[in-house]
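Everything below concerns the one structure shown next.
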Amino acid sequence: MSARRAVGAALRSHDVQAEREARHRVHTAKVALGERGTPWWEQDDVQRRARWLDGLAALDRADEQP
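Residue numbers (this note's numbering): 2 to 67.
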């Protein structure tokens with residue numbers, strides 16, 4: 002949800018770059034959850050877990066950037 006809040010904040014402040022970055026984070030989260038990309042029900046447990054871990058790692062990296 003922090004990514005969605007960041008989109009709203011960027012829109013309110015008219016910060017195009019911040020909006021782009023926040024929307025990228027939203028996309029990363031949705032892919033990790035199986036809402037975009039390969040549907041979660043078409044993956045086995047190992048594949049789903051790998052997707053979740055990859056998504057969380059990507060979001061952590063995005064949060065660490067200045």
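All C-beta atoms in this analysis are idealised placements derived from N, C-alpha and C, irrespective of residue type, glycine included. On a predicted model such as this, the values are computed, not experimentally measured, just so you know.
With H, G and I counted as helix, E and B as strand and the rest as coil, what does DSSP make of THR29?
Translated into positions along the sequence shown, residue 29 becomes position 28. THR29: helix per DSSP, three-state reduction.
Over the uninterrupted alpha helix (DSSP H) stretch that includes TRP102, give me the two end residues.
Summary: the structure shown does not reach residue 102, with the chain confined to residues 2 through 67, and so no result is reported for it.
Give the DSSP-derived three-state secondary structure of GLY9 in the structure shown.
Taking the first residue of the sequence shown as 1, we reach residue 9 at position 8. In this structure, GLY9 counts as helix in the three-state DSSP scheme.
Does GLU22 come out as helix, strand or coil in the three-state DSSP assignment?
Counting from one through the sequence shown, the residue named residue 22 turns up at place 21. Residue state, collapsed to three classes: helix.
For ARG5, I'd like the list of residues in its chain whose CB is within less than 7 angstroms of its CB, leaving aside the five on either flank, ordered along the chain.
Residue mapping note: residue 5 aligns to position 4 of the sequence shown, counting from 1. Taken in chain order, the residues that qualify are VAL27.
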